[in-house]
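Undergrad: The structure's right below; bear with me while I get my questions together.
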C-alpha cells in the first residue's frame with residue numbers, strides 16, 4: 206500500500222513537473238514571439254522611415270529658393286544688337302565651362318535666321334550680378350537649335366558651369382524649373398513638371414524674340430526648315446519670349462534640357478513648352494566648340510507616315526511604316542535606289558503620291574513613323590555610316606544598303622522644285638494619247654502657285670483606267686529640257702540636280718494636245734514636308 210501511495214505521489218509529482226515545464230516553455234515561447242514581433246515592427250518602421258527619407262532626398266535635394274541661389278550666377282541674358290531692328294533680339298543662356306563657353310539657342314544668335322549676320326561685336330552676355338561681356342559665336346547648329354558663344358576678355362573671372370543630368374532618365378511627372386529672362390525680366394524662375402517626352406518639333410531658324418513687343422504681335426515659331434528635332438522634352442513650366450536658350454533644371458540643379466520653343470496661338474505661355482534634351486546638348490556642343498558646326502546624317506527622302514487611309518489605298522494589312530513620296534536627286538537615297546511615288550491619289554481631300562517604297566525598318570530597328578528614323582540616326586549613326594533600309598516595294602519586302610550623307614543646310618542644296626506630279630509615258634499611255642513614241646513625262650497634276658503653275662503648265666483632267674490604274678490624262682507631256690531629250694522623270698530630275706540651282710530657269714519642251722510648245726519655268730526650292 207505504501208508502495209502504491211508512493212507511486213501515486215511520484216505520478217502526481219511527475220505530472221506537476223511536466224505541467225510546470227509546459228508552462229515555462231509556453232511563457233518562453235510567448236516572450237520570444239513578442240520580442241521578435243517587436244524587433245520586426247521596429248525594423249520595418251525604421252526601414253519605412255528610411256525609405257521615406259530616401260524619397261525626399263531623391264525628389265528634392267534643394268528647396269526652390271536654395272536651387273535658385275545655387276544656379277543664378279550661371280544663367281545669363283543674351284542680347285543681339287543690329288542696325289536692323291528685325292535682326293535684334295534677346296534670349297537666355299547658361300555657363301558650359303570655366304573658360305567662358307556659353308550655351309544658348311541657335312535662333313537667339315542668328316539674326317534673321319542667318320548666322321553670317323552675327324559678328325563678335327554685336328552679341329553681349331549679361332550675368333545677374335550686372336557684369337556684361339562681349340561674346341563671339343563659336344558654332345551653331347540650326348537642326349538642333351543649339352549655339353555656343355565664347356566670352357571675350359573674362360580676365361580670369363570665376364565662372365561656375367552648370368552640371369548636366371541624364372535626360373534619358375526623365376519620367377513624365379518629374380518636377381523641373383526653368384530659369385531665364387522672359388520679356389527681358391532677368392533672373393526669373395518658373396516651375397512645373399515634365400508633361401511629355403519624345404516629342405518632335407520643326408528645326409527653326411526664326412528671328413530672335415523681342416521682349417518689348419505686344420504679346421499679341423509675337424508669332425509662334427514657324428518652321429523655316431523641313432527637318433525636325435527628335436526626343437524633345439515637353440513641360441508645363443511657364444516659358445515665354447526671352448526664355449529661349451535658358452536651362453531646364455531638375456530639383457538637384459542639373460540641366461536636363463534647354464528651353465527652345467512654345468506651342469501658343471498668341472506667342473506667350475499657354476501651358477506647353479519644349480526643351481532640347483541634355484543628352485543632345487552633351488553630344489553636339491563639344492563638336493561645335495571644336496569644329497564650329499555639326500554634321501547630321503541624312504538619307505534624302507520626304508514622305509508621310511502610313512495612316513489607315515493610306516494603308517487602305519495601298520491594300521496593306523498594316524498601318525505602320527514611312528511612305529516615301531519623293532527622293533532628293535543626288536542624295537544617298539537616290540544613289541541607293543530608293544523609290545518615291547509615281548501616282549497621285551486623293552485621300553481625304555489631300556493629294557498624296559503613292560507607289561513609293563514604304564520603310565519598315567532601319568538596321569532591324571522597326572519603323573512605325575518618321576520619328577523612329579530620326580531618333581535612330583541622330584542617336585546611333587554618323588555621316589558616312591552604312592545602314593540597311595528594309596522596305597516594302599510593290600507589297601514585297603526588300604533590303605537596301607545605303608551610305609548616309611551630310612544633311613544639306615542651304616537652299617542651293619535642297620531639292621529643286623517645279624511643282625508637278627507626273628508619271629513616265631508607257632506604251633499603254635502613249636496608245637491612249639495617240640502618241641507615236643512611249644517617251645516623256647505625263648503631267649498628271651500641278652501644285653497651286655508652284656513654279657509650274659505660274660509658268661502655265663497644265664495637268665490632267667480626263668481620268669482613264671490603264672491596266673487597272675486610274676490616271677489623269679490631258680495634261681502636258683514633257684519631252685525635253687533646254688533642247689535635251691528627256692525620256693523619263695528620273696532623267697529630268699537628274700538633269701536639273703546636276704545643272705541647275707534655285708532661281709535658275711529651265712525651258713521645257715512639251716506636247717500639249719499633240720502640239721509642241723516651249724515653256725520656261727523658274728526653279729524654286731522644295732517646300733517643307735517631313736523629311737530625313
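Residue numbers (the working numbering): 206 to 737. Glycine is no exception: its CB is placed at the ideal position from the N, C-alpha and C atoms.
1. Which of the three DSSP states, helix, strand or coil, is assigned to residue 659?
2. Could you name the residues that DSSP lists as bridge partners for residue 271?
3. Using 8 Å as the threshold, is the region 671-682 in touch with the region 645-655, meaning 3 or more CB pairs across them?
4. Near residue 395, what residues of its chain come up, given a Cβ to Cβ distance below 6 Å and the 5 sequence neighbours on each side ignored?
5. Taking the runs of the alpha helix (DSSP H) that are 4 residues or longer, which of them lie wholly in the region 621-702?
6. Quick one: measure Cβ to Cβ for residue 565 and residue 517, integer angstroms, because I've assumed they're closer than 8 Å.
7. Sorted by chain position, which residues of the same chain lie with C-beta nearer than 7 Å to residue 587's C-beta, five sequence neighbours on each side aside?
8. Determine the burial state of residue 449: buried for a count of at least 16 other Cβ atoms within 10 Å of its Cβ, exposed for fewer.
9. Quick one: is residue 585 buried, meaning 16 or more other Cβ sit within 10 Å of its Cβ, or exposed?
10. For residue 577 and residue 571, what's the separation of their Cα atoms in angstroms?
11. Which whole-angstrom value describes the C-beta separation of residue 348 and residue 432, a residue pair presumed to lie in contact below a C-beta threshold of 8 Å?
12. Among the candidates 645, 634, 625 and 644, whose CA atom is the shortest distance from the CA of residue 661?
13. Taking one C-beta from the region 687-706 and one from the region 638-648 each time, how about it: are there three or more such pairs within less than 8 Å?
14. With 16 other CB atoms within 10 Å as the buried threshold, where does residue 562 fall?
15. Would residue 307 and residue 354 be called neighbours here (beta carbons separated by less than 7 Å)?
16. Hey, could you find the ends of the alpha helix (DSSP H) residue 599 is sitting in?
17. Between residue 705 and chain D, is any beta-carbon pair separated by less than 7 Å?
18. With 16 as the cutoff for other CB atoms within 10 Å, does residue 721 come out buried or exposed?
19. Taking the runs of the beta strand (DSSP E) that are 3 residues or longer, which of them lie wholly in the region 475-507?
20. At the level of alpha carbons, what is the spacing between residue 374 and residue 479?
21. Are there 16 or more other CB atoms within 10 angstroms of the CB of residue 600, so buried, or fewer, so exposed?
22. Excluding sequence positions up to five away, which residues of its chain have a Cβ less than 8 Å from the Cβ of residue 240?
23. For the candidate residues 456, 464 and 438, whose alpha-carbon lies nearest to that of residue 447?
24. Measuring straight from C-alpha to C-alpha, what distance separates residue 628 and residue 622?
25. Bridge partners for residue 566 per DSSP, in chain order?
TA: So, from the listed chains and residues:
1. Within the chain shown, numbered from 1, the residue matching residue 659 stands at position 454. It is helical.
2. By 1-based counting over the chain shown, the position of residue 271 is 66. The partner list for residue 271 (beta bridge, DSSP) is empty, contrary to what the question assumes.
3. Per the Cβ contact rule, the region 671-682 is in contact with the region 645-655 (3 or more Cβ pairs under 8 Å).
4. By 1-based counting over the chain shown, the position of residue 395 is 190. Residues 383, 442 and 443 of the same chain have their beta carbon placed closer than 6 Å to that of residue 395, with the five preceding and five following residues left out of the count.
5. Within the region 621-702, the complete alpha helix (DSSP H) runs of at least 4 residues are 632-638 and 656-660.
6. Translated into positions along the chain shown, residue 565 becomes position 360. Translated into positions along the chain shown, residue 517 becomes position 312. The C-beta distance from residue 565 to residue 517 rounds to 18 Å, too long to fall under 8 Å, and the pair is not in contact.
7. As a first step, residue 587 must be located in the chain shown, where it is residue number 382. Listed in chain order, the non-local C-beta contacts of residue 587 below 7 Å within the same chain comprise 502, local neighbours out to five positions each way being set aside.
8. What you label residue 449 is simply residue 244 of the chain shown in a count that begins at 1. It is buried - the Cβ of residue 449 has at least 16 other Cβ atoms within 10 Å.
9. For this step, residue 585 is matched to residue 380 along the chain shown. With fewer than 16 other Cβ atoms within 10 Å, it is exposed.
10. The residue you call residue 577 lines up with position 372 of the chain shown. The residue you call residue 571 lines up with position 366 of the chain shown. Their Cα atoms are separated by approximately 8 Å.
11. Residue mapping note: residue 348 aligns to position 143 of the chain shown, counting from 1. Residue mapping note: residue 432 aligns to position 227 of the chain shown, counting from 1. Confirmed, about 6 Å.
12. Walking along the chain shown from the start, residue 661 turns up at place 456. Each of 645, 634, 625 and 644 was checked against the Cα of residue 661, and the nearest Cα belongs to 625.
13. By the Cβ rule, the region 687-706 counts as touching the region 638-648, because three or more pairs are nearer than 8 Å.
14. Working through the chain shown from its first residue, we reach residue 562 at position 357. By the beta-carbon neighbour count (other beta carbons within 10 angstroms, threshold 16), residue 562 is buried.
15. Counting from 1 along the chain shown, the entry for residue 307 is found at position 102. Counting from 1 along the chain shown, the entry for residue 354 is found at position 149. Result yes, Cβ atoms of residue 307 and residue 354 sit closer than 7 Å.
16. The residue you call residue 599 lines up with position 394 of the chain shown. Per DSSP, residue 599 lies in no alpha helix (DSSP H) and is assigned neither H nor E.
17. Reference to chain D is not applicable here, since this structure consists of a single protein chain.
18. Mapped onto the chain shown, residue 721 falls at position 516. Looking at its Cβ environment, which holds fewer than 16 other Cβ atoms inside 10 Å, residue 721 is exposed.
19. Complete beta strand (DSSP E) runs here, min 3: 478-482.
20. Walking along the chain shown from the start, residue 374 turns up at place 169. Walking along the chain shown from the start, residue 479 turns up at place 274. Taking C-alpha positions only, residue 374 is separated from residue 479 by approximately 17 Å.
21. Counted from its first residue, the chain shown places residue 600 at position 395. Answer is exposed; the Cβ neighbour count stays below 16.
22. Locating residue 240 in the chain shown gives position 35, where the first residue counts as 1. Residue confidence is low: residue 240 scores 44 on pLDDT, short of 50, so the model does not pin down where it sits. Its coordinate-derived value is still stated next. Excluding residues within five positions, none has a Cβ falling inside 8 Å.
23. On the chain shown, position 242 is the one that residue 447 refers to. Considering only 456, 464 and 438, the residue with the shortest C-alpha distance to residue 447 is 464.
24. In the chain shown, residue 628 corresponds to position 423, counting from 1. In the chain shown, residue 622 corresponds to position 417, counting from 1. Distance between the alpha carbons of residue 628 and residue 622 is about 16 Å.
25. Taking the first residue of the chain shown as position 1, residue 566 is located at position 361. Bridge partners of residue 566: 571 and 595.
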